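Novice:
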Amino acid sequence: MKLNYYISSFFWSTLAKILNAVVGFITIPLLLKYFGVNNYGMLSLANAANAYMNLLDLGINIGSIKYFSQWRSEKKYGLINNVARTSISFYGIIGLVNALLLFSIGLFGESLFNITHDEFLILRILLFILAAFSVINWISMVFSQLLISANRISFTQQMLAVRMILKLIIIFITIHAGLSLPTYFLLITFNLALIIFPYYWACKKNRLINSFIPLFHWKDFRIVFSYSMAIFALSFFQMTAAKSRPIILGIFAPEAAIVIAHYKIIEVFPMFIASIGGMFTSILLPKSSNIIAKNDTRGKEKFAYEGTRLTTILTILLCMPVALCANELLTLYVGSAHSHLAIWLQIWCFSMMISLHTTPCNSLILAIGKTKPIVIATAISCILSIVINILLSSIIGVGSAVIGYFVYIIILSTFNYTYYYKNILKLKFIPLVFAFLKPVMLGSLCYAIIFFLRIETLINASASIKINLIIRILVKTISWAILFTPSLFLFKQLDKNLISWVIKRKNI
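Sequential numbering from 0 applies to the sequence shown in numbering that gives the first Met the number 0.
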């Protein structure tokens, strides 16, 4: 049963993420062409402003899942019901605050953004639509938390997959029926809000909650709230560094609507990488918690070194092919007019590779719980990344957001290696560094060989442009993989011992 749960959860989570990436990949060029660069920029800016409002969660989402799971194992069903229904009250208040903030920006925020008056009028309508659905969207999180804590994550991912399919249908209806941008956005936002109904139905069916009527058991809710606030500071700076970038571009970049559209174009590839890489934490955190609880020094070191090596290899497989084919991917995706963005996509991919490879050691840090130093480091790196984004936005446009985030990742990774991993986790610096550097050097060498040999130029150019681009992407990716994969075994970066270690982790 346990193994089936992990297999099912992993399958549906992966499917939902891939489907989300595919829908985005297919539809962004269509919407860009249909609405135009400027209007699409307003769409992206509205979504970015609303995404940043997720900070209002205050870390309650993580805390609720933790305590709902714990209380379920202790059979404290009455406590779960009281806290869940109090959470409905909490998220209802948060939803109202979210709506008021969006409504205020829509009324008085024209001077905040470097856009024209006509563009702001469009943005205002989009913000008002988001505000109208804020309360429903926030409350739906309660039912999601209950389902995940009760091992019903497969159901939540199935519903997300259905939502992606409905989104695809709405986009094609919009294009073929000639719907306006506000009408399209209303339908998309309504589609997002609909998920509350299957979530609540599943909670009632599985007796996870007895009513949707809010309660006010704030004393019980305080247990979740106190735990969550410890996570909030770290989440605040992490989310600010990630989510503030398009907002800053909207405020400081010349021709902000176009620059934000450029950001959205290149974002789809790193976001897909991040969505797959994000599963590493959920897979590794339970094991790291067990190691720390047992004070298993040998197990901790093996987990850190082997985990870092494996995660590095996986991130290289995700990032390097995208970077290698950046020009072709962008040309195929949105046309040659945007191929100049390839350099920023390549830098972003490299940033993701550095960021994701630290997942195993970072899961050990979370298991220990000593987060104060990393909160300070995250705050400093976040502020520096924002300053860089602001200063460079008028010079290199979308590149300022990419460079700013790259600096953020470098500072955090350096701090983790020089302070946390060495002083807190008591890990050996050299083996840990080489667990990352050796696979990267092999991948980079193979990258350089394919880049300088320019094998793709041997392809028959008489084919159609799209077919030619697809073939070039396949040839470059497969050629790189043919070089990289054997080199991992040849230089003992991937062997039967590592494969055996992975199998043991999966069976835990």
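Cβ atoms here follow ideal geometry from the backbone N, Cα and C, with glycine treated the same way.
If you're wondering where the values come from, they're calculated on a predicted model, not measured in any experiment.
1. For Ser274, which option in Ser354, Ala378, Val432 and Leu248 has the closest C-alpha, if you only look at C-alpha atoms?
2. What does a CB cutoff of less than 8 Å around Pro438 pick up in its chain, not counting 5 residues either side in sequence?
3. Could you have a look at Asn46 and say whether DSSP puts it in helix, strand or coil?
4. CA-CA distance, Leu167 and Ile246?
5. Check whether the Cβ atoms of Ala376 and Ile409 sit closer than 9 Å, and answer yes or no.
6. Does the Cβ-Cβ distance between Ala255 and Gly40 come in under 9 Å?
7. Going by CA-CA distance only, name the one from Tyr407, His356 and Gly334 that's closest to Leu583.
8. My output table needs one value for Leu284: the three-state DSSP class, helix, strand or coil.
9. From Val474 to Leu101, what does the alpha carbon distance come to, in whole angstroms?
10. If distances are taken between C-alpha atoms only, which option among Ala192, Ala50, Ile64 and Ser234 comes closest to Met158?
11. Leaving aside the five residues before and after Ala20 along the sequence, list all residues of the same chain whose C-beta is less than 8 Å from its C-beta, in chain order.
12. Could you give the distance in angstroms between the alpha-carbon of Leu178 and the alpha-carbon of Asn53?
13. Short of 7 Å in beta carbon distance, which residues of its chain neighbour Leu29, apart from the five on each side in sequence? Order them along the chain.
14. Ordered along the chain, which non-local residues of its own chain (more than five positions away) have a Cβ less than 6 Å from that of Trp347?
15. Mind checking Ala336: buried by the 16 CB within 10 Å criterion, or exposed?
16. Can you look up Leu193 in the DSSP assignment and give me helix, strand or coil?
17. Pro359: buried (16+ other C-beta within 10 angstroms of its C-beta) or exposed?
18. Alpha carbon to alpha carbon, how far is Leu424 from Leu14? Give it in angstroms, no decimals.
19. So is Val258 buried or exposed if we call it buried at 16+ other beta carbons inside 10 Å?
20. Please return the same chain residues whose Cβ sits closer than 7 Å to the Cβ of Ser350, not counting the five positions on each side in sequence.
21. In chain order, what residues of the same chain lie with their CB nearer than 8 Å to the CB of Val432, ignoring the 5 residues before and after it?
22. Is it right to say His339 is buried, meaning 16 or more other beta carbons lie within 10 angstroms of its own, or is it exposed?
23. Looking only at C-alpha atoms, which of Ile477, Ile64, Thr26 and Ile364 sits nearest to Ile454?
24. For a test of the three-state rule: what should DSSP assign to Lys425, helix, strand or coil?
25. Going by C-alpha to C-alpha distance, which of Val223, Arg151 and Leu125 sits closest to Thr182?
26. Between Ser86 and Val22, how many whole angstroms is the CB-CB distance? I'm expecting something under 8 Å.
27. Apart from the five residues just before and just after Met319, which ones in its own chain have a Cβ nearer than 6 Å to its Cβ?
28. Since I believe Ala303 is in contact with Leu436 (beta carbons under 8 Å), could you give me their beta-carbon distance rounded to a whole number of angstroms?
29. Let's see if you can read the secondary structure: which residues bound the alpha helix (DSSP H) around Lys166?
30. To the nearest angstrom, how far is the alpha carbon of Ile470 from that of Ser384?
31. Note the first and the last residue of the continuous alpha helix (DSSP H) segment covering Arg206.
32. From this set, Gly94, Thr155 and Thr239, which residue's C-alpha is nearest Phe196's C-alpha?
33. Closest to His261 by CA distance: which of Ser88, Lys16, Leu186 and Ile27 is it?
34. Using CA coordinates, which residue listed in Ile265, Ala232 and Val397 is at the minimum distance from Pro372?
35. How long is the line joining the alpha carbons of Glu109 and Ala50, rounded to whole angstroms?
36. For Val134 versus Gly77, is the C-beta spacing smaller than 9 Å?
Specialist: Considering the structure as presented:
1. Ser354
2. Arg308, Thr311, Ile312, Ile315, Leu487 and Gln492
3. helix
4. 26 Å
5. no
6. yes
7. Outside the shown range of the chain (0 to 507) lies residue 583, about which nothing can therefore be said.
8. Residue placement at Leu284 is poorly supported in this model, since its pLDDT is 46, which falls under 50; the coordinates still yield a value, given next. It is helical.
9. 47 Å
10. Ala192
11. Val267, Met270, Phe271 and Ser274
12. 29 Å
13. Ile170 and Ile174
14. Pro269 and Val401
15. exposed
16. coil
17. buried
18. 35 Å
19. buried
20. Tyr404, Phe405 and Ile408
21. Tyr416
22. exposed
23. Ile477
24. coil
25. Leu125
26. The pair is not a contact, with the Cβ atoms about 30 Å apart (cut-off 8 Å).
27. Gly442 and Tyr446
28. With 8 Å as the limit, Leu436 and Ala303 do not qualify as a contact, their Cβ atoms being about 15 Å apart.
29. Ile152 to Ala176
30. 38 Å
31. Where Arg206 is concerned, there is no enclosing alpha helix (DSSP H), given that its DSSP letter is neither H nor E.
32. Thr155
33. Ile27
34. Ala232
35. 19 Å
36. no
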